[in-house]
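Asker: Below is the structure I would like to discuss, written out as structure tokens.
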Amino acid sequence: MSYLELLKLAAPEAIVVVAALAVLTIGLTTARALVLGPIVAVLGVALAIGAVVMLPSHANLFGGMLVISPLNSLFKIICLALAIATVPLVSSEKALRNAGEYIAVLLLGSVGLMLLVGSEELLMIFIGLELLGLSLYVLAAFDKADVRSAEAGLKYFLFGSTASAFTLFGISLIYGMSGT
Numbered sequence: 086m087s088y089l090e091l092l093k094l095a096a097p098e099a100i101v102v103v104a105a106l107a108v109l110t111i112g113l114t115t116a117r118a119l120v121l122g123p124i125v126a127v128l129g130v131a132l133a134i135g136a137v138v139m140l141p142s143h144a145n146l147f148g149g150m151l152v153i154s155p156l157n158s159l160f161k162i163i164c165l166a167l168a169i170a171t172v173p174l175v176s177s178e179k180a181l182r183n184a185g186e187y188i189a190v191l192l193l194g195s196v197g198l199m200l201l202v203g204s205e206e207l208l209m210i211f212i213g214l215e216l217l218g219l220s221l222y223v224l225a226a227f228d229k230a231d232v233r234s235a236e237a238g239l240k241y242f243l244f245g246s247t248a249s250a251f252t253l254f255g256i257s258l259i260y261g262m263s264g265t
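Shown next, in the form of structure tokens:
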């Protein structure tokens, strides 16, 4: 399988990552990030939905770590539709100073959710969970002016890192017992 074929199969995730980077760049360089950021994010996620629709019905990526099936594609579309529904809520909030960062972290969480949906290997499930978890840690502590937000982010991070350690320990036990 060539790299171009791999990129075609991983296009939805790649498109959302590029959209997140574009929104982050817009948020850092322009003063109109509250207007342009959600537009670019919604366009990127809509393009990713189109890429999911164009995927073949059955395929394996990276030696079976990611799997494309009709059920996986359906859940990826649901995750992306929820991301589209969440992005406009940013502009309805009181004018966020860091709207670009907020939307970029939201999109990266969506990528983690898409990886989690499409994975069949324990390692890839863990990577998807961690990408989703890290973005949610940042979102929980996003309001820097509020002390409760920082406290919630710290508690969520400590709880999540402890859960990740136990998850890795369990995965290592499963791999050790099965011999693979």
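The numbering of the sequence shown is our numbering, which starts it at 86 and goes up by one. For each residue, glycine too, the CB sits at the ideal point set by N, CA and C.
Around the Cβ of residue 141, are there at least 16 other Cβ atoms within 10 angstroms (buried) or fewer (exposed)?
Answerer: Exposed, because fewer than 16 other Cβ atoms sit within 10 Å of the Cβ of residue 141.
Asker: Could you give the DSSP three-state label for residue 144: helix, strand or coil?
Answerer: The answer is strand: DSSP assigns residue 144 an E or B state.
Asker: Measure the Cβ-Cβ separation of residue 122 and residue 101 and say whether it is below 8 Å.
Answerer: It is not a contact, given that the beta carbons lie outside the stated cut-off.
Asker: Roughly how many angstroms separate the alpha carbons of residue 206 and residue 116, rounded to a whole number?
Answerer: Spanning the two alpha carbons is a distance of roughly 43 Å.
Asker: Just the C-alpha distance for residue 260 and residue 92, rounded to the nearest angstrom, thanks.
Answerer: The alpha-carbon atoms of residue 260 and residue 92 are separated by roughly 29 Å.
Asker: Give, in chain order, every unbroken run of the beta strand (DSSP E) that is at least 3 residues long and sits entirely within the region 98-165.
Answerer: Fully enclosed beta strand (DSSP E) runs of 3 or longer: 144-146 and 151-153.
Asker: Going by beta carbon distance, what residues of the same chain come within less than 8 Å of residue 162, once the five residues before and after it are set aside?
Answerer: So the qualifying residues of the chain are 134, 137 and 138.
Asker: Beta-carbon within less than 7 Å of residue 227's beta-carbon, same chain only, minus the 5 sequence neighbours each way: which residues are those?
Answerer: If we look at residue 227 and ignore the five residues flanking it on each side, its Cβ neighbours are 187 and 234.
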